[in-house]
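J.: Sharing a structure below in structure tokens format, with a few things to ask.
In the working numbering, the protein residues as written are 2 to 202.
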């Protein structure tokens, strides 16, 4: 039996702490409004995907938000960097007999259920699935196991994260699949037209 787990990493919606690059352009309050809209979009997309859904918050569990308890299990991210946090969350899922694990964030308004389902299908024939963003990182990471050194002991704060991952994948003789490149909303330029009405002067 194939068990799919969809993990969502979500920054807690704290004014002044989320979307700092965007906040520098439009202010903390507007950046928070955009963040809330992205959370809702991500929750709506996730709910339409057939998978066990888990929302991992950055600091504390929110009891009342768009990630309703009936659709999502809720936890807190654990680890000193992104790789450790993904590793620890995926380890829990694989320990619960997950066959495939996909990790996404709440930053990509272009993300839809079809892309996530494509990623799950791709994991039937590939070890790793990557959805690259336009800044050299990724908006989606799909895994079938935690063997190798893909996640731990890496530098995540540079523009060649996906390139480094690809080199590690090839070094370990694993197979990979690339999804379409998408924007993550980190600056005003990347805010989609559908959300620009939330920005107050």
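Backbone N, C-alpha and C fix where the C-beta goes; we use that ideal spot for every residue, glycine too.
With DSSP run on the structure shown, which of helix, strand or coil describes residue 62?
T.: Indexing the chain shown from 1 puts residue 62 at position 61. DSSP places residue 62 in coil when its eight states are reduced to three.
J.: I'd like to know whether the C-beta atoms of residue 5 and residue 102 end up nearer to each other than 9 Å.
T.: The residue labelled residue 5 in the question sits at position 4 within the chain shown. The residue labelled residue 102 in the question sits at position 101 within the chain shown. Yes.
J.: Using 8 Å as the cut-off, can you tell me whether the region 133-143 makes contact with the region 49-61, which would need three or more C-beta pairs spanning the two stretches below that distance?
T.: At 8 Å Cβ cutoff, the stretches do not touch.
J.: If you draw a straight line from the alpha carbon of residue 69 to that of residue 53, how long is it in whole angstroms?
T.: In the chain shown, residue 69 corresponds to position 68, counting from 1. In the chain shown, residue 53 corresponds to position 52, counting from 1. Taking the straight line from one Cα to the other gives about 13 Å.
J.: From the DSSP output, in three-state form, read off residue 77 for me.
T.: Translated into positions along the chain shown, residue 77 becomes position 76. Residue state, collapsed to three classes: strand.
J.: Could you tell me the alpha carbon to alpha carbon distance between residue 162 and residue 28, rounded to whole angstroms?
T.: One-based indexing of the chain shown puts residue 162 at position 161. One-based indexing of the chain shown puts residue 28 at position 27. Roughly 29 Å separates the two Cα atoms.
J.: Would the region 113-120 count as touching the region 166-177 if we require 3 or more Cβ pairs under 8 Å?
T.: These segments do not touch.
J.: Evaluate the contact criterion for the region 175-190 versus the region 124-133: three or more CB pairs, one atom per stretch, below 8 Å.
T.: Touching, yes, given that three or more Cβ pairs across the two stretches are closer than 8 Å.
J.: Please report the residue range of the alpha helix (DSSP H) in which residue 94 lies.
T.: Reading the chain shown from its first residue, position 93 is the one you call residue 94. Per DSSP, residue 94 belongs to the alpha helix (DSSP H) from 83-96.
J.: My output table needs one value for residue 183: the three-state DSSP class, helix, strand or coil.
T.: On the chain shown, position 182 is the one that residue 183 refers to. Here residue 183 sits in strand by DSSP.
J.: Rounding to the nearest angstrom, what Cα-Cα distance links residue 79 and residue 107 in this structure?
T.: Counting from one through the chain shown, the residue named residue 79 turns up at place 78. Counting from one through the chain shown, the residue named residue 107 turns up at place 106. Approximately 17 Å, taken between the alpha carbons.
J.: If distances are taken between C-alpha atoms only, which option among 41, 22, 26 and 16 comes closest to residue 202?
T.: Taking the chain shown and counting its residues from 1, the one referred to as residue 202 is at position 201. The option with the nearest alpha carbon to residue 202 is 26.
J.: Where does residue 139 fall in DSSP's three states?
T.: As a first step, residue 139 is located in the chain shown; it is residue number 138 there, counting from the start. Residue 139: strand per DSSP, three-state reduction.
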